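Numbering (the working numbering), first residue to last: 160 to 341.
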């Protein structure tokens, strides 16, 4: 009887572990993909406007943000070589430029949605769209992942607490069921 008791409790531990992992993965992916939503809208709107012939100047405000400190989204226009033309976001006073591979992928596929770390401690949710305009070849929209990463950290803590509580309940049940099996 003890052998069956061990296997049923081990199966419960495995199931709880799998369910906790699934809960974490589902919620984490929801957090991370939702972090792209404003940038997707901004990049697509800018792409449509540029493809319809609107000028770069008509699409920008005069303000810029420091992306290492702000949660606000930003837009950057690049030429066909990946050289920045105009940006509403600066990183330490300079326009950030993603790696060449991002431009290559975007040119080939029309869009790239990615996490990007342009500097230590600065992580961005970035959406890049290919544009069919004379001067502008790419539109990038990004924003900080700082708040998303805080939510993910809290999620890890919540799932771990739930997992330990479930393991504790299984352990207590195993102890008490072992006494009644005698």
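Idealized CB from N, CA, C, for every residue including glycine.
These figures come from a predicted structure and were not determined experimentally.
Practice problem: Spatial neighbours of residue 342 within its chain, please: CB distance less than 7 Å, with the 5 preceding and 5 following residues excluded, ordered by chain position. | Solution: Since the first residue of the chain shown is 160 and the last is 341, residue 342 is not available in this structure.
Exercise. Specify, as a first and last residue, the run of the alpha helix (DSSP H) that residue 209 falls within.
Key: Membership of residue 209 in the alpha helix (DSSP H) is indicated by the continuous run 196-210.
Quiz item: Which value, in whole angstroms, describes the spacing of the CA atoms of residue 330 and residue 309?
Solution: Cα to Cα, residue 330 sits roughly 32 Å from residue 309.
Quiz item: Where does residue 191 sit, in a helix, a strand or coil, going by DSSP?
Solution: Three-state DSSP puts residue 191 in a helix.
Quiz item: What does a CB cutoff of less than 7 Å around residue 179 pick up in its chain, not counting 5 residues either side in sequence?
Solution: Annotation for residue 179: 318, 321 and 322 place their beta carbon closer than 7 Å to its own, counting only its chain and skipping 5 residues before and after.
Practice problem: With a floor of 3 residues, list each beta strand (DSSP E) that falls wholly inside the region 230-265, ordered by position along the chain. | Solution: List check, beta strand (DSSP E) in window: 233-237 and 243-246.
Quiz item: Rounded C-beta distance between residue 326 and residue 175? I'm assuming under 8 Å.
Solution: About 7 Å separates the CB atoms of residue 326 and residue 175; that is less than 8 Å, so the two are in contact.
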